[in-house]
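Going down the list, the sequences are from chains A and B. Each residue of the first sequence is one higher than the one before, counting from 1 in our numbering. Each residue of the second sequence is one higher than the one before, counting from 1001 in our numbering. Quick reminder that beta carbons are idealized off the backbone N, C-alpha and C, glycines included. Here the structure is a predicted model, which means the values were calculated and not measured. Have a look at the structure below before the remarks.
Protein chains: 2
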Amino acid sequence: MDHHFLKHIFKTPEFTPEELNSIISKFKPILFSKNDFLLREGQTENHYWFIESGFVRSYVIDTNGNDITTHFYAQGDIVIDWPSFFLRSPTRENIQALSDCRCWQLDFDTFQELFHGLQSFREQGRTTLVSSYFALKNQTVSMIADQAKTRYIQLITHKPHIVQNVSLKHIATYLGITDTSLSRIRKEISNE
Amino acid sequence: MDHHFLKHIFKTPEFTPEELNSIISKFKPILFSKNDFLLREGQTENHYWFIESGFVRSYVIDTNGNDITTHFYAQGDIVIDWPSFFLRSPTRENIQALSDCRCWQLDFDTFQELFHGLQSFREQGRTTLVSSYFALKNQTVSMIADQAKTRYIQLITHKPHIVQNVSLKHIATYLGITDTSLSRIRKEISNE
DNA sequence: AAGAAATCTTGTCCTATGACAAGAAAACTA
DNA sequence: TAGTTTTCTTGTCATAGGACAAGATTTCTT
């Protein structure tokens, strides 16, 4: 287990070698094929995953029936619907593999064991959730304060691997615009 | 302590009477006057509060220097900047009393004690954070999917006390529009 | 490789909302 | 209570981005 992928996620010195082994042994490897659903609207999420390779997208269907991308996930990211997983409630989100993926899976009961049993695991879990909250807040403020072009440039800058691997229409809904507008923004940028 | 306000926040059966007393005794009452800052940009938040009475607003200053309301808080709400409090990092937010307020305050170290010491407190804390995340996610999706008018109607419907107690310009930035536009939306609605 | 399907670009026209400015109304303040 | 400041409304004009439709391009299928 020396070069286990999860050692990039759970690191010393926050975790002792014993804690590390105990945590990592609880995760199950799992493969998803392109277009597989990790979660579908109406289900209650009973697992979460860390991505070792591949790309994943989550989206909701809005009141007008439009598909709106809420998040992209790539290597090292945690794939989880926080509210569904922790409030044990049906989700509004769909989570789908955009490519073949190799993931590591943990179920709710095992999570609870680790969370209540290990202070270090608890602290890391809290930190991960709070970081997601922070990112979401920034996204919301950017949606209010910035123009679509600015948001797109920030996405290219901070997550180039997403822009390179995901279709234009999904990126567009993530940015809160239509595919048509994003296409025009791209053109504008390439003309600069 | 029989009619203590915090008993509306921490309730049986999730908490035993002993846990309740132990938790509640850790909170300190504190008063804020209108316009007082609970937190200012650049500071690291070392407390959080539950509001017994009054109204509070949080806002950020965006890249163009505009004041953007990120949240309104009223009776029973928890006032906290999650990332600053848990990541122990300087905040981007300003949190200011919109009226005189009576609050109950807990500091970070005491929080940690309770969090790691009491499973029930831990579960409730996690639930509160996840619920905030959920609300923020809905707000973000609404910002993409819905027109400003729809967002305003939802705010009136779900939080009438906010609309009745907060100035138009703050509500406008919260909805992601200008005060001018919100004034027109109001007129439109009253003409229906 | 040929056809079908999905994706991306481009054109035309339209609408929600912004920018700015000037009053009106309400809320402070001395 | 008069004066000042802040808040809210309304008008005019401008613009980012949407709606719809037609091609062009790329990607899947068989």
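Once DSSP output is grouped into helix, strand and coil, what is the label at residue i?
{"i": "LEU98 (chain A)", "result": "coil"}
{"i": "VAL1079 (chain B)", "result": "strand"}
{"i": "SER89 (chain A)", "result": "coil"}
{"i": "ARG1057 (chain B)", "result": "strand"}
{"i": "PRO17 (chain A)", "result": "helix"}
{"i": "ILE1144 (chain B)", "result": "helix"}
{"i": "GLU1188 (chain B)", "result": "helix"}
{"i": "THR70 (chain A)", "result": "strand"}
{"i": "THR1157 (chain B)", "result": "helix"}
{"i": "ILE1009 (chain B)", "result": "coil"}
{"i": "ILE1177 (chain B)", "result": "coil"}
{"i": "PHE1027 (chain B)", "result": "coil"}
{"i": "THR1044 (chain B)", "result": "strand"}
{"i": "ASP36 (chain A)", "result": "coil"}
{"i": "LEU1118 (chain B)", "result": "coil"}
{"i": "ASP1062 (chain B)", "result": "coil"}
Can you find the residues in the same chain that come closer than 7 angstroms, C-beta to C-beta, to residue i, ignoring five residues on each side of it along the sequence?
{"i": "PHE1027 (chain B)", "result": "LEU1006, TRP1104, GLN1105 and LEU1106"}
{"i": "ARG1040 (chain B)", "result": "ASN1094"}
{"i": "SER53 (chain A)", "result": "GLN75, CYS101 and ARG102"}
{"i": "ILE185 (chain A)", "result": "ALA148, LYS149 and TYR152"}
{"i": "SER1120 (chain B)", "result": "GLU1014, PHE1015 and GLU1019"}
Would residue i be called buried (16 or more neighbouring beta carbons within 10 Å of its own) or exposed?
{"i": "GLN1139 (chain B)", "result": "buried"}
{"i": "GLN1112 (chain B)", "result": "exposed"}
{"i": "GLN124 (chain A)", "result": "buried"}
{"i": "PHE37 (chain A)", "result": "exposed"}
{"i": "HIS71 (chain A)", "result": "buried"}
{"i": "ALA1097 (chain B)", "result": "buried"}
{"i": "ARG1092 (chain B)", "result": "buried"}
{"i": "LYS137 (chain A)", "result": "buried"}
{"i": "LEU182 (chain A)", "result": "buried"}
{"i": "GLU1045 (chain B)", "result": "buried"}
{"i": "ILE1195 (chain B)", "result": "Residue coverage of chain B in this structure runs from 1001 to 1192, which leaves residue 1195 (chain B) outside it and unanswerable."}
{"i": "LEU1031 (chain B)", "result": "exposed"}
{"i": "ILE1189 (chain B)", "result": "exposed"}
For residue i versus residue j, is the C-beta distance shorter than 8 angstroms?
{"i": "PHE1050 (chain B)", "j": "ILE1078 (chain B)", "result": "yes"}
{"i": "ASN1066 (chain B)", "j": "ALA148 (chain A)", "result": "no"}
{"i": "GLU19 (chain A)", "j": "LEU118 (chain A)", "result": "yes"}
{"i": "PRO1090 (chain B)", "j": "GLN1043 (chain B)", "result": "yes"}
{"i": "ARG126 (chain A)", "j": "PHE1134 (chain B)", "result": "no"}
By Cβ distance below 6 angstroms, which residues in the same chain neighbour residue i in space, the five residues on each side in sequence not counted?
{"i": "ARG1151 (chain B)", "result": "SER1142 and LEU1175"}
{"i": "ASN191 (chain A)", "result": "none"}
{"i": "THR110 (chain A)", "result": "LYS26"}
{"i": "ARG122 (chain A)", "result": "PHE115"}
{"i": "ILE1177 (chain B)", "result": "ALA1148"}
Using C-beta distances below 8 angstroms, list every residue in its chain close to residue i, excluding the 5 sequence neighbours before and after it, in chain order.
{"i": "SER1099 (chain B)", "result": "LYS1034, GLY1054, PHE1055 and ASN1165"}
{"i": "THR1012 (chain B)", "result": "LEU1020"}
{"i": "ILE156 (chain A)", "result": "VAL163"}
{"i": "LYS159 (chain A)", "result": "PHE72 and ALA74"}
For residue i, verify whether its CB is less than 7 angstroms away from any heavy atom of the ligand COA.
{"i": "PHE1111 (chain B)", "result": "This structure lacks the ligand COA, and indeed carries no ligand of any kind."}
Next on the checklist: With three or more C-beta pairs closer than 8 angstroms as the rule, is the region 101 to 116 of chain A touching the region 1022 to 1030 of chain B?
Outcome noted: No, the region 1022 to 1030 of chain B is not in contact with the region 101 to 116 of chain A.
Item to check | Any 3 or more C-beta pairs closer than 8 angstroms across the region 126 to 142 of chain A and the region 1077 to 1084 of chain B | outcome: Yes: at least three Cβ pairs fall under 8 angstroms.
Next on the checklist: Closer than 8 angstroms is the cut-off here; do at least three beta carbon pairs connect the region 1058 to 1074 of chain B with the region 1159 to 1178 of chain B?
Outcome noted: With contact defined as three or more Cβ pairs closer than 8 angstroms, the region 1058 to 1074 of chain B and the region 1159 to 1178 of chain B are in contact.
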